[in-house]
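> Going from the sequence shown to the working numbering is simple: count from 1 and add 39. This is the structure I want to talk about, given as structure tokens.
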Amino acid sequence: MAQPKRRWSKERTSTRRATWKLEEKNLGICSHCHEPVLPHKVCSNCGYYDGKEVIVKKASNED
Numbered sequence: 040m041a042q043p044k045r046r047w048s049k050e051r052t053s054t055r056r057a058t059w060k061l062e063e064k065n066l067g068i069c070s071h072c073h074e075p076v077l078p079h080k081v082c083s084n085c086g087y088y089d090g091k092e093v094i095v096k097k098a099s100n101e102d
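The following block contains the structure:
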């Protein structure tokens, strides 16, 4: 098998490894309740997607 011609420096190794990090989620705003929501997903707070009610939420009975 082929072997590397020379050793990589520590700086080059750490520079390559520095790109492996978590990225922030691209959150949008729900057009109905204005809560943060992932793009192309139904809002978990109100159940709306693209201005239409997709999931009917039950009203909570608070006594």
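Each residue gets a CB set at the ideal place from its N, CA and C atoms; glycine is no exception. Just so we're clear, the structure is a prediction, and the values are computed from it rather than from any experiment.
#1: Shortest alpha-carbon distance to residue 66 belongs to which of 98, 54, 82, 52?
#2: Between the Cα of residue 98 and those of 89, 88, 84, 91, spot the shortest distance and give me the residue it belongs to.
#3: Should residue 76 go down as buried or exposed, given a rule of 16 or more other Cβ atoms within 10 Å for buried?
#4: Could you tell me whether the Cβ atoms of residue 86 and residue 70 are closer together than 9 angstroms?
#5: Based on the DSSP output, what are the partners of residue 68 in its beta bridges?
Looking at the coordinates:
#1: Ranking 98, 54, 82, 52 by Cα distance to residue 66 puts 82 first.
#2: Per the Cα distances, 84.
#3: Burial check for residue 76: the Cβ neighbour count within 10 Å reaches 16 or more, so the residue is buried.
#4: Contact: no.
#5: 75.
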